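Asker: Mind having a look at this structure? Questions to follow.
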Amino acid sequence: MSVRVIWRLVAMNVMLTLEYRGAFFILMVNTVVVPVISLLVWLTVGEQGVQLPYDRSQFVTYYVLLSVVSMLTATWLAGYVAENIRLGGLSPWLLRPAPYITHDIRNNIGETLVKLPLLLPLAGAVALAFHADLRLPADPRAWLLFVLSLPMAAAVAFLLDFVIGSLAFWVQDVRGLIRVKGLVGALLNGQFVPLALFPRNVSGFLAAQPVRYSLSFPLEVLTGRLSTAELARGFAWQAFFCIALWACYRLIWRYGLRSYSATGA
Amino acid sequence: MRYLRLWRQFAVMSFVREAEYRVNFLLGVGEGAAQLALPVVTFLLIYRFTPRVAGWSQAQVLLLIVGIALATVALILTHLFWSYAVHYYSSASS
Chain A
4 MSVRVIWRLV
14 AMNVMLTLEY
24 RGAFFILMVN
34 TVVVPVISLL
44 VWLTVGEQGV
54 QLPYDRSQFV
64 TYYVLLSVVS
74 MLTATWLAGY
84 VAENIRLGGL
94 SPWLLRPAPY
104 ITHDIRNNIG
114 ETLVKLPLLL
124 PLAGAVALAF
134 HADLRLPADP
144 RAWLLFVLSL
154 PMAAAVAFLL
164 DFVIGSLAFW
174 VQDVRGLIRV
184 KGLVGALLNG
194 QFVPLALFPR
204 NVSGFLAAQP
214 VRYSLSFPLE
224 VLTGRLSTAE
234 LARGFAWQAF
244 FCIALWACYR
254 LIWRYGLRSY
264 SATGA
Chain B
83 MRYLRLWRQF
93 AVMSFVREAE
103 YRVNFLLGVG
113 EGAAQLALPV
123 VTFLLIYRFT
133 PRVAGWSQAQ
143 VLLLIVGIAL
153 ATVALILTHL
163 FWSYAVHYYS
173 SASS
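And the structure:
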């Protein structure tokens, strides 16, 4: 596919998203408010003189950046993929010159482009409110590693969602599974509580599960909590999950399309 | 008494309908449990470090979470009851 075609399809998704700009603004308010509530709870705990694994500035940095990173790595496609498979909406895509997944990739980029200018002023206002404790890293290497880990985190989140949605080739209704994954994932990706605050005896499990690498890992990179060895291990896990989930996607679609059928589509 | 019988009938109908799609029903139960477990686990993690947060003990917060969950369920059930009731009366009168 040419760059021009990709660009036109992203632009089309931007226009589609702009139709719902009010709804997206409310969604972005929610994206910023929830981390602020968690931050205020942890700051209250910290003010009681309790020894926590994070200090005040690390909490502020983590939760201020959380809203931006969670928006940039967000996915919402599993339900749509499942619906297209179940109701036959996939059929026109099978005749097009690009694989179906490219449609969702462009939809994701298009929506993210619209959400970003809505979110940044809100996140900026929160950053301003907590600016006394906000500590962004001065070392350009930390930013470089963050920029490297962010698209990989988005890829892990996207592919995991896509693979779950694709189970609709064999499972009639995957909506329950999608919702359970959303709830459990929110706990295991550090959205509510940073993973460093979990009990030490589950740290091995937390490090080896994919959702950590869809949100928490880029934040851990930027808050400067990881040693060089932990960074290397983290990037290796992140790359592994990207490749493994891509392989799962290819395998599921290879066999799934053979069992796919639709009438009248 | 008539309303209680009606309520019982709706409950039986709902159960039969849910039981028809068993996997989805089980996933729904799992989802409900996960929905309740998410705030509970979050606060258990917070109370690992301190016995009180702004004067609130762990037991008080857990009671609040379960109370909110029960109130939400009660609101949904009331809404469902009235939707069924409206549907029942409108189809019975037509």
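Chains A and B supply the protein sequences, listed in that same order. For the first sequence, the working numbering gives the first residue as 4, with consecutive numbering after it. For the second sequence, the working numbering gives the first residue as 83, with consecutive numbering after it. Beta carbons are placed, not taken as given, at the ideal position from N, Cα and C, and that holds for glycine. Remember, it's a predicted structure, so these values are computed and weren't measured experimentally.
Determine the burial state of A:ARG261: buried for a count of at least 16 other Cβ atoms within 10 Å of its Cβ, exposed for fewer.
Answerer: Taking the first sequence and counting its residues from 1, one reaches residue 261 of chain A at position 258. Per the 10 Å Cβ criterion, exposed.
Asker: Between B:GLY110 and chain A, is there a C-beta pair that is closer than 8 angstroms?
Answerer: Translated into the one-based positions of the second sequence, residue 110 of chain B becomes position 28. Closer than 8 angstroms: yes.
Asker: Short check: CB of A:LEU209 to CB of A:LEU186, under 8 angstroms?
Answerer: To locate residue 209 of chain A, count along the first sequence from 1; it is residue 206. To locate residue 186 of chain A, count along the first sequence from 1; it is residue 183. No, these two residues do not count as a Cβ contact at 8 angstroms.
Asker: Just to confirm, is the Cβ distance from A:ASN111 to A:THR78 under 8 angstroms?
Answerer: For the purposes of this step, residue 111 of chain A is identified with residue 108 of the first sequence, where counting begins at 1. For the purposes of this step, residue 78 of chain A is identified with residue 75 of the first sequence, where counting begins at 1. A contact, by the Cβ cut-off of 8 angstroms.
Asker: Using 8 angstroms as the limit for Cβ to Cβ distance, is A:VAL187 near chain B?
Answerer: As a first step, residue 187 of chain A is located in the first sequence; it is residue number 184 there, counting from the start. Yes, contact with chain B.
Asker: For A:GLY82, which option in A:VAL205, A:TRP256, A:LYS184 has the closest C-alpha, if you only look at C-alpha atoms?
Answerer: Locating residue 82 of chain A in the first sequence gives position 79, counting from the first residue. The shortest Cα separation from A:GLY82 among A:VAL205, A:TRP256, A:LYS184 belongs to A:LYS184.
Asker: State the Cα-Cα distance for the pair A:LEU123 and A:LEU222, rounded to the nearest angstrom.
Answerer: Your numbering for residue 123 of chain A matches position 120 in the first sequence. Your numbering for residue 222 of chain A matches position 219 in the first sequence. Rounded to whole angstroms, A:LEU123 to A:LEU222 spans 17 angstroms at the Cα level.
Asker: Between A:VAL48 and chain B, is there a C-beta pair that is closer than 8 angstroms?
Answerer: Taking the first sequence and counting its residues from 1, one reaches residue 48 of chain A at position 45. Yes - at least one Cβ of chain B is within 8 angstroms of the one on A:VAL48.
Asker: In angstroms with no decimal places, state the Cα-to-Cα distance between A:ALA268 and A:GLY91.
Answerer: Numbered from its first residue, the first sequence carries residue 268 of chain A at position 265. Numbered from its first residue, the first sequence carries residue 91 of chain A at position 88. For A:ALA268, the predicted structure reports a pLDDT of 48, less than 50, and the residue's modelled location is therefore unreliable. The matter cannot be settled from this model.
Asker: Taking only beta-carbon positions, decide if A:VAL276 is within less than 8 angstroms of chain B.
Answerer: Outside the shown range of chain A, which is 4 to 268, sits residue 276 of chain A, and nothing can be said about it.
Asker: Which residues, taken in chain order from the region 195 to 222 of chain A, show a beta carbon closer than 9 angstroms to some beta carbon of chain B?
Answerer: Within the region 195 to 222 of chain A, the residues whose Cβ lies closer than 9 angstroms to some Cβ of chain B are PHE195, VAL196, LEU200, PHE201, PRO202, listed in chain order.
Asker: What does the alpha-carbon distance come out to for the pair B:ARG134 and A:GLN54?
Answerer: Here residue 134 of chain B refers to the residue found at position 52 of the second sequence. Here residue 54 of chain A refers to the residue found at position 51 of the first sequence. If you take the alpha carbons of B:ARG134 and A:GLN54, they lie about 14 angstroms apart.
Asker: For chain A, is any of its Cβ atoms less than 8 angstroms away from the one on B:GLU102?
Answerer: As a working note, residue 102 of chain B is residue 20 in the second sequence. Output row for B:GLU102: interface = no.
Asker: Could I get the ranges of all uninterrupted alpha helix (DSSP H) runs contained in the region 94 to 151 of chain A, with 4 residues as the minimum, in chain order?
Answerer: You should have 94 to 97, 103 to 132.
Asker: Within 10 Å of its beta-carbon, does B:ARG87 have 16 or more other beta-carbons around it, so buried, or fewer, so exposed?
Answerer: What you label residue 87 of chain B is simply residue 5 of the second sequence in a count that begins at 1. When all chains shown are included, B:ARG87 counts as exposed.
Asker: Using the DSSP secondary-structure output, state which residues sit across from B:SER139 in a beta bridge.
Answerer: In the second sequence, counting from the first residue as 1, residue 139 of chain B sits at position 57. In DSSP, B:SER139 forms a bridge with B:ARG134.
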